[in-house]
Amino acid sequence: MSEHVHWVLEVELKANAESDLRALMLEMVGATKADEPGALNYEWYFNEAGTVCHLYERYASSDAAMIHLGNFGTKFASRFLGLVRPMRMTVYGPADENVRAALAPMNATFMDEVGGFTR
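Following this note's numbering, the numbering of the sequence shown begins with 1 at its first residue and continues without gaps.
Here it is in structure tokens:
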């Protein structure tokens, strides 16, 4: 089984927030890529209308996920949450108690791996 912790966060954009969120996304992607070697995937997807965004994030471990969550909280959380309304968060893999506690305010659903493989 993999030690990777990953999630999909689904958010609804607030009215007229798409351009601001896209600008913030560029900043967040750049910071995550530069400062977090344990971030394996950090991908953003918008629907055609620009009203819903899905973020797919995968981290090498719970420790790497916590580094990201700390950076997000310090640098970006208030601006991000000012532009979106979280709809759903699903977390996959062996998230430890620290990750579970950090994501509790998001009402995340945690899914434990029971089979399969990672290449």
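In this text, a Cβ means the ideal position worked out from N, Cα and C, and glycines have one as well.
Pick from THR90, ALA64, ALA15 and MET1 that is closest to ASN98, judged by C-alpha positions: ALA64
ask   = Helix, strand or coil: which one does DSSP assign to VAL29?
value = helix
Discussion item. Does GLU57 pass the burial test, meaning 16 or more other C-beta atoms within 10 Å, or should it be called exposed?
Written reply: buried
Exercise for the section: Output yes or no for whether 8 Å exceeds the beta carbon distance between LEU40 and HIS4. Expected result: yes
Under the assumption that MET106 contacts PRO86 (Cβ atoms under 8 Å), give the Cβ distance between them as a whole number of angstroms. 6 Å
- [ ] With a threshold of 16 other CB atoms inside 10 Å of the CB of VAL114, please say whether the residue is buried or exposed.
- [x] exposed
request  = Would you please state the rounded distance, in angstroms, between the beta carbons of LEU24 and PHE76? I believe it to be under 8 Å.
outcome  = 7 Å
From the DSSP output, read off the bridge partner residues of HIS68. Answer is none; HIS68 lacks a bridge partner.
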